[in-house]
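Counting in our numbering, the sequence shown runs from 34 upward without gaps.
The structure appears right after this line, and notes come after that.
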Amino acid sequence: MTRIRKARKRILVVGLLVAAIACGSATAATIAAYSVNVHARLAPVAGTTAAGRFSGTLVVSLGGPNQFEPSDNLRQPAQSMLFWNLRLPALHGPMSASLRLRATNGAAPVSDLLCSHCSTAANGSLKLTAEQGLRIAESGGTIVVRTPSAMLRGHITVSPQVPFSQ
34 MTRIRKARKR ILVVGLLVAA IACGSATAAT IAAYSVNVHA RLAPVAGTTA AGRFSGTLVV
94 SLGGPNQFEP SDNLRQPAQS MLFWNLRLPA LHGPMSASLR LRATNGAAPV SDLLCSHCST
154 AANGSLKLTA EQGLRIAESG GTIVVRTPSA MLRGHITVSP QVPFSQ
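Here is the structure:
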C-alpha cells in the first residue's frame, strides 16, 4: 500500500512538472513555478495526549529567464518557499517547531527551524532550495514540535494545486 502511494505521488509530481512546462510560452520558455498544499496531523509522541495541525503551501520555482527583462541572459535562481500555519495545543513550557527532511539520493538530511517560542496559532514562511522543495513535494518531510516535557510529530502529505507561471 505504501509503495502504491509513493508511486502515485511521484507520478503526480512528474505530471505537475510536465504541465508546468506545457503551460509556458514556446518563445519565452518561462516555466516559473508550481505550488502544492501541504498538511500534517501532529500526533503526540511523548508527554501529552493532545494533537496539533500543520498546513501550508509549498511554492517551487524552477528558475528560468528573467520575465521582467527578457533581453537579460541571466537566469532567475531556482528556489522554494513554504508558507505555513501551526495549530498547537496549550502545552507547558516554550514550544519550538522544526521541519525535517531525511537524507535521500545522496542529499544530506535537513532540519530547519520554523519557530522557537511558538504560540498555539503560529504562522510564517521558510525559504528553501528548489531541491529541498522538490523533496518535500515528492516524499514529504516531518514536522516536529518540542517542549521541555512533550513532543508532537507528523508526516507531511501533499495535495496538488494547478501549476502557474510567475
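Quick reminder that beta carbons are idealized off the backbone N, C-alpha and C, glycines included.
Values in this document were obtained by computation on a predicted structure and should not be read as measured data.
Which of helix, strand or coil does DSSP assign to residue 135? Judged by DSSP in its simplified three-state form, residue 135 adopts coil rather than helix or strand.
Using 10 angstroms around the beta-carbon of residue 183, count the other beta-carbons present and answer buried if the total reaches 16, otherwise exposed. Per the 10 Å Cβ criterion, buried.
Are there three or more Cβ pairs, one per stretch, closer than 8 Å when the stretch 117–137 is compared with the stretch 150–157? Counting Cβ pairs under 8 Å, three or more are found: they touch.
Does the stretch 74–94 come close enough to the stretch 167–177 to have 3 or more Cβ pairs within less than 8 Å? Judged by Cβ distances under 8 Å, the stretch 74–94 makes contact with the stretch 167–177, as three or more pairs qualify.
Along the chain, where does the alpha helix (DSSP H) that runs through residue 167 open and close? Membership of residue 167 in the alpha helix (DSSP H) is indicated by the continuous run 163–172.
Name the DSSP beta bridge partners of residue 188, please? Answer by DSSP bridge pairing, in chain order: 175.
Using the Cα positions of residue 192 and residue 140, report the straight-line distance between them to the nearest angstrom. Cα to Cα, residue 192 sits roughly 24 Å from residue 140.
Starting from the Cα of residue 24, find the closest Cα among 87, 151, 146 and give me that residue. Residue 24 is absent from the model: the chain starts at 34 and stops at 199.
Pick helix, strand or coil for residue 72, following the three-state DSSP scheme. When secondary structure is reduced to three states using DSSP, residue 72 falls in the strand class.
From the beta carbon of residue 124, is the nearest beta carbon of chain D less than 9 Å away? Protein chain content of the structure displayed is limited to a single chain, and chain D is not contained in it.
Consult DSSP for residue 91 and reduce its assignment to one of helix, strand or coil. Assignment of residue 91 by DSSP, reduced to helix, strand and coil, places it in the strand class.
Look at the alpha carbon of residue 159 and the alpha carbon of residue 82, and state the distance between them as a whole number of angstroms. Each residue's Cα considered, the two are about 28 Å apart.
For residue 91 versus residue 163, is the C-beta distance shorter than 9 Å? Their beta carbons are not under 9 Å apart, which means residue 91 does not touch residue 163 by this criterion.
Could you check what DSSP says for residue 149 in three-state terms: helix, strand or coil? It is a strand residue.
Using only alpha-carbon positions, find the residue among 149, 142, 185 that is nearest to residue 169. By alpha-carbon distance to residue 169, the top candidate from 149, 142, 185 is 142.
For residue 126, count neighbouring C-beta atoms within 10 Å of its own C-beta (all shown protein chains included) and say buried if the count is 16 or more, exposed if not. Exposed, by the Cβ-count rule.
Looking at residue 85 and residue 166, is the spacing between their C-beta atoms short of 9 Å? No. Outside cutoff.
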